[in-house]
Amino acid sequence: MAKINYITVSELNYYLSRIVSGEELLQNIPVLGEVSGLSVSGSHLYFTIKDEGAQLQACFFNFGKSYLPQNGEQVILFGSPDFYARGGRMSFIVNKIEPFGRGKLFAELEKLKQKLAAEGLFDTSRKRPLPRFPMNIGIVTSMSGAVIYDMVNTFRKTNKITNITVINVPVQGEGAPQAICDGLRLADKQGFDAVILARGGGSVEDLMPFNDERVVRAVYNMKTVTVSAVGHETDFSLTDFAADARAMTPTAAAEMLSFDTDEIAEQIISTIKYAAKTLTARTDALYNKVLSSTKEVNYICKAKLDSYTQRINKAVTKAELLTEAKLSASERKTENLLSKLSALNPANILGKGYFRAMSGNRQINKIAEFKAGDAFRLYGADGTLDAEVKSVNIEK
């Protein structure tokens, strides 16, 4: 049998280590990848850098005040690969980390957040409680889309008396931050009990106007109690931290500030009845006390006691009549308010046979805005339907 010229594992690994460390093209190179499994031990960072096809262990020794990435963030690592001969492991020794793409955006947001926090814009001690029964609410949002209609419908399910005013502003795009600031300042001058800053969900880029420093400062400077309701449950914007309260969604903001008017009316009626019952009980107790005292009084005082009894009876009767009158007046006033508000309810208007036509995010007000082949959606009191224009006939 021929002799085999072999090498040991140690020799092979040592050889690979020399190749990796001696290759000039592999020294201090930039590598793009996603961070995962990040852990900190003392002044050292340990994590995995990966992409769709591969992954590599990475170490950053004595990272000090260098940029600290987050799991899931794309970064560019500067450093050199290293093959550990004894363990047979390849790793990347990092000497610098820079955010890449959205990671850079997150880094800028975090920097702005820390700056504003240091100025006190996010202090919880300055946050005001929400009003218990707000009668006038301003909503700063876009009239296009379903957000505002969902919010109004949420209010009107239980609340028939709160006045809602919408200040229409663009909620994304280049001019959105300044428009939102102007809308907030306008709302702050209207004497609202509370203001809601709202928009529906979207990408990180779509929500960026609500991370704009100008908008955050405008929210902080609001004299009116303000609720930030931006995106979905998992979305956070800097306006959430500057506002008096954060709602997970625009609909949740409506629920936070709404109250059940029927329940309040019942509570008022119950309170009046309780007051009447208490007054009657106290009057009866006084009456019984007077009657008890008459047993010890000389018959000469009987005429005077009779007079007192009559006065008490009159007081009881007057109190009962007054209580019943106030109760009836309160019930009539409540029923009148509910009737008026029901007549103003947009949902009731739709219930009379009217429909609202939408093409995308645009509301259609005239037949002339349609053309054959257009797809549109009709909103009615009991639901929606999708349709397509077959032909357009304009009556002149």
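If you're matching positions, the sequence shown starts at 86 in my numbering and goes up one per residue.
Glycine residues also receive a C-beta, built at the ideal position from the N, C-alpha and C atoms.
Please read all numbers here as calculations on a predicted model, not as lab measurements.
When only Cα atoms are considered, Gly-230 and Tyr-464 end up about 12 Å apart. When the five nearest sequence neighbours on each side are left out, no beta carbon in the same chain lies closer than 6 Å to the beta carbon of Arg-302. Three or more beta-carbon pairs drawn from the stretch 232-250 and the stretch 215-224 are found closer than 8 Å, and the two stretches are therefore classed as touching. Checking the DSSP bridge columns, you'll see His-129 partnered with Ser-126. In this structure, Thr-311 and Ala-328 form a Cβ contact; the two beta carbons are roughly 5 Å apart against a cut-off of 8 Å.
In the DSSP assignment, Gln-142 forms a beta bridge with Thr-133, Ser-176.
For secondary structure counted as the alpha helix (DSSP H) over 4 or more consecutive residues, the stretch 261-349 holds these complete runs in sequence order: 261-273, 298-305, 323-327, 335-342.
Between the stretch 260-276 and the stretch 231-242 there are fewer than three inter-stretch CB-CB distances shorter than 8 Å, so the stretches are not counted as touching.
Fewer than three beta-carbon pairs drawn from the stretch 336-344 and the stretch 369-376 are found closer than 8 Å, and the two stretches are therefore not classed as touching. The C-alpha of Gly-122 is placed about 28 Å away from the C-alpha of Met-293. Under the three-state reduction of DSSP output, Ser-444 falls in the strand class. The C-alpha of Lys-242 is placed about 16 Å away from the C-alpha of Gly-468. Listed in chain order, the non-local C-beta contacts of Val-477 below 7 Å within the same chain comprise Ile-452, Phe-455, Lys-456, Ala-457, local neighbours out to five positions each way being set aside.
The closest CA to that of Gly-205, considering only Thr-368, Asn-306, Ser-288, Ile-114, is found on Asn-306. Note that the stretch 199-218 does not touch the stretch 169-189; fewer than 3 beta-carbon pairs, one per stretch, sit closer than 8 Å. For Arg-171, no alpha helix (DSSP H) segment is defined, and its DSSP state is neither H nor E. Gly-157 places its beta carbon 8 Å or farther from that of Val-179.
Of all alpha-carbon atoms in Ala-400, Gln-257, Ala-361, the one lying nearest the alpha-carbon of Asp-297 is that of Gln-257. Non-local beta-carbon contacts of Ala-414 in its own chain, meaning distances under 8 Å to residues more than five positions away in sequence, are absent. When DSSP states are grouped into helix, strand and coil, Lys-181 belongs to the strand group. By DSSP's assignment, Asn-253 forms a beta bridge with Thr-226. Boundaries cannot be given for Leu-206, as no beta strand (DSSP E) includes it and DSSP labels it neither H nor E.
If you draw a 10 Å sphere on the C-beta of Gly-118, you find 16 or more other C-beta atoms in it, and that means buried. The distance from the Cβ of Glu-416 to that of Ile-354 is about 7 Å, consistent with a contact at the 8 Å cut-off. Its chain contains Ile-161 as the residues whose beta carbon lies nearer than 6 Å to that of Glu-183, once the 5 sequence neighbours on both sides are disregarded; these appear in chain order. Beyond the five residues adjoining it in sequence on each side, Phe-461 comes within less than 8 Å, by CB distance, of Ala-442, Met-443, Ser-444, Ile-449, Phe-455, Asp-471, Ala-472, Glu-473, Val-474 in the same chain, given in chain order.
Under the three-state reduction of DSSP, Val-477 is assigned to coil, being neither helix nor strand. DSSP, read as helix, strand or coil, puts Asp-369 in helix. For Glu-119, the beta-bridge partners assigned by DSSP are Lys-135, Gln-159. In this structure, the alpha-carbon of Lys-425 lies about 9 Å from that of Lys-245.
Close CB contacts of Asp-136 within its chain, under the 8 Å cut and outside five residues either way in sequence, are with Leu-117, Gly-118, Glu-119 (chain order). In the three-state reduction of the DSSP assignment, Ile-357 falls in the helix class, which pools H, G and I.
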